[in-house]
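2 protein chains.
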Amino acid sequence: MARSTQKSSAPASGNAITADLVAVLVAVTDGTPRIMTIAGGSALPSGPFEFSHRSLQTALRAWVETQTGHPLGYVEQLYTFADRGRSGDIKGPHSVSISYLGLTREDRVGEGFEAHWSGWYDYFPWEDHRAGAPPCLAKILAPKLKAWAKSASTPTLQRERWQRCAITFGLDDRDWNEELVLQRYELLYEASLIPEASREASVLPGKPMTADHRRILATGIARLRAKIKYRPVVFELMPAEFTLLQLQRSVEALAGRLVHKQNFRRLIEQQELVEETGAIATEAVGRPAKLFRFRHAVLAERAVVGTKLPLSRT
Amino acid sequence: MARSTQKSSAPASGNAITADLVAVLVAVTDGTPRIMTIAGGSALPSGPFEFSHRSLQTALRAWVETQTGHPLGYVEQLYTFADRGRSGDIKGPHSVSISYLGLTREDRVGEGFEAHWSGWYDYFPWEDHRAGAPPCLAKILAPKLKAWAKSASTPTLQRERWQRCAITFGLDDRDWNEELVLQRYELLYEASLIPEASREASVLPGKPMTADHRRILATGIARLRAKIKYRPVVFELMPAEFTLLQLQRSVEALAGRLVHKQNFRRLIEQQELVEETGAIATEAVGRPAKLFRFRHAVLAERAVVGTKLPLSRT
DNA sequence: GCCATTTATACTCTCCTTGAGCATAAGACG
DNA sequence: CGTCTTATGCTCAAGGAGAGTATAAATGGC
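Protein chains in written order, with the UniProt record's numbering: chain P, 1 to 314; chain C, 1 to 314.
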């Protein structure tokens, strides 16, 4: 950015670059949040942006629909990256990556494509706290982070580093905050514990990805975890009819933590987000549950503002 | 986006474009939120992105600091636009606009630049509800929106359109939601009431801007209004020392609505966001107020998560 | 000095939300 | 008929948020 007096529409000379779209496409099946991947799970789907489309959003939708064979429910822009050095391209990226979050149902993927679905906790094992804090946190991450903190030059810096680690990862009896996915990844990156950063192989559990795709994924997970608390986006990931427990399991899968069942139902029902279909779930262990469907009318009635889930920070 | 199997780092041929940075730089002075503008207030500061910088954020910071002569407090990416037709360039933009929100104090602007500060309600008069709903809402906007709703083809569509308008603008006794800045702008745009869209001049109050800069500004305002409710970003806009009323006035200026004074103080104090300086405000009508400063330690103590303001949606 | 005016600051009160737990219902299965 | 499992209804206590009352400490006019 050189001169302020230049209008934005004035083209810059000699700074030609390319624009890539990168998509974090999420689905939830069998209580596992999954993302669409290519190249054997080592990259997110991406490709150059074609200016034949009316907008970025349109381009993404069109492309995803060709790939998966069905419309993309919810789409949201995530972030635009142009960091040199992080993309793996040493000469500096003359390419900008515009990333998107998209929610779907994991139906069939278009045949003849390399795409498939990978569980997102394969890439971030420390993010799943549904069965309590995962062992790798205390056994592997915490010691490595402690060592990194200790390696700072002064005692004050050492303390500050460790405080950051403890807050971000919920160590030292602090609460776990499931929304800090990106901060955690960035902190690990800063501590050179991410293979994408250091040249070492597998210092930590969790599958790496090409370039900065894992960072993009972390951004997407963080955004989605925040969003499900105040927008009715979970329903984009559900089948047309579902039981309240299925809905709860999806939320828990995304959030990576459990919620109180009765309170969850209370919130969902009092907000009138769903309505009974009249049908009853068949494949049951225990008392059969009523089936519900999303009341699409809420999107029109309310300004899509105000959907609460019992996942509040205290 | 053509093929999913292509790695993001693979350069696309023949799709060269340029990247622009556009900045929404906010300051609050005398109870007015202001943004830095160029070209007589008709454009946001912007310019081509130089790849000599390490990241987009770095590029923006460097540039702003040269312009205003002091460091930029808080920076956040807003959105990346590439919509053809909205930018005013009919051939389609072979340029991507990456927009940022930045918070500063309105000190001196670097000499010799065309930049100056404009009140943001000059561009969005209907967004300031501090003295109640602004007259232009009921007198000008509502009738025009009603006419637009009526112009839909079927009664059902007419009702749906009006419901959207009423929700978005808080008409028909609905609550005003100050966060819907962008939705309101988009709705007016859809209704061809925005001069940037239709060729007519000044159908509505509010100063227009070049290309889609007013949309970018709306995005920035919306983001900031949402953010002040849960992150301590207001302090970036305050002088080093301030009274609680000054702080409150800044929040109200940004939010475009008033808050309950006693409750505001209660929240700020119980969250320990500020500490007394010991000094007392001098220039006073009424009882002199204690001066406070922001407790920067909170940024380290808490995960920058959880700052509440009495602006909640009910 | 006294009073009206203005702002600062301390409390109180009530309603609602939220976290947590208890209790009962309705199926399957031995 | 018990046991297991999930569904569903209800209660209770603590904390938070909205709104109002009361008092304190300045200023300026008389």
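All C-beta atoms, glycine included, are put in the ideal place defined by N, C-alpha and C.
{"Item": "For chain P, is any of its Cβ atoms less than 8 Å away from the one on C/L299?", "Value": "no"}
{"Item": "By the DSSP assignment, the beta strand (DSSP E) with C/R293 in it spans what residues?", "Value": "K290 to F294"}
{"Item": "Considering C/T156, what are the terminal residues of the alpha helix (DSSP H) in which it resides?", "Value": "P155 to F169"}
{"Item": "Based on Cα-Cα distance, which residue from P/Q158, P/H213 and P/L247 lies nearest to P/A39?", "Value": "P/H213"}
{"Item": "With C/T219 as the anchor, note down where its beta strand (DSSP E) starts and where it stops.", "Value": "Unbroken run through C/T219 is the alpha helix (DSSP H), H213 to K227; no beta strand (DSSP E)."}
{"Item": "If the cut is a Cβ gap below 8 Å, which residues of chain C does P/E160 touch?", "Value": "A300"}
{"Item": "Assign P/T58 to one of three DSSP states: helix, strand, or coil.", "Value": "helix"}
{"Item": "What residues of chain C sit near residue 317 of chain P, judged by a beta carbon separation below 9 Å?", "Value": "Only positions 1 to 314 of chain P appear in this structure, which leaves residue 317 of chain P out of reach."}
{"Item": "Looking at the C-beta of P/Q163, does it have a partner C-beta in chain C at a distance below 8 Å?", "Value": "yes"}
{"Item": "So, at 8 Å on beta carbons, what are the nonlocal neighbours of C/L56 in its own chain, with the 5 sequence-adjacent residues on each side left out?", "Value": "L21, F49, Q77, I98 and Y100"}
{"Item": "Cα-Cα, which of P/T154, P/K144 and P/S153 is closest to P/L166?", "Value": "According to the sequence provided, residue 166 of chain P is Ala. The question's Leu does not apply to it. Comparing Cα-Cα distances from P/A166 to each of P/T154, P/K144 and P/S153, the minimum goes to P/K144."}
{"Item": "Please name the residue in C/S153, C/A149 and C/T154 whose C-alpha comes closest to that of C/Q163.", "Value": "C/A149"}
{"Item": "Across which residues does DSSP place C/A271 in a beta bridge pair?", "Value": "The sequence shown places Gln at residue 271 of chain C, rather than the Ala named in the question. DSSP output for C/Q271 lists no bridge partner at all."}
{"Item": "Output the distance between the C-alpha atoms of P/W120 and P/W176, rounded to the nearest integer angstrom.", "Value": "19 Å"}
{"Item": "Quick one, are the C-beta atoms of C/L209 and C/A43 less than 8 Å apart?", "Value": "Reading the sequence as shown, one finds Met at residue 209 of chain C and not Leu. In contact: C/M209 and C/A43 (Cβ atoms closer than 8 Å)."}
{"Item": "Using DSSP bridges, identify the partner residues of P/T18.", "Value": "P/S95"}
{"Item": "Got a sec: is the Cβ-Cβ distance from P/I90 to anything in chain C below 8 Å?", "Value": "Confidence in P/I90 is poor, its pLDDT being 49 and thus under 50, which makes the residue's placement too unreliable to answer from."}
{"Item": "In this structure, what does DSSP give as the bridge partners for P/F242?", "Value": "P/F292"}
{"Item": "Where does C/Y185 sit, in a helix, a strand or coil, going by DSSP?", "Value": "helix"}
{"Item": "Whole angstroms is fine: what's the gap from C/L273's alpha carbon to P/V96's?", "Value": "38 Å"}
{"Item": "Tell me where the alpha helix (DSSP H) around P/E301 begins and ends.", "Value": "A297 to E301"}
{"Item": "Once the 5 residues before and after C/V203 are set aside, which same chain residues still bring their CB inside 6 Å of it?", "Value": "L193"}
{"Item": "For C/L182, which of C/G278, C/P155, C/D128 and C/L217 has the nearest alpha-carbon?", "Value": "C/L217"}
{"Item": "Given this structure, state the Cα-to-Cα distance separating P/R266 from C/V285, to the nearest angstrom.", "Value": "50 Å"}
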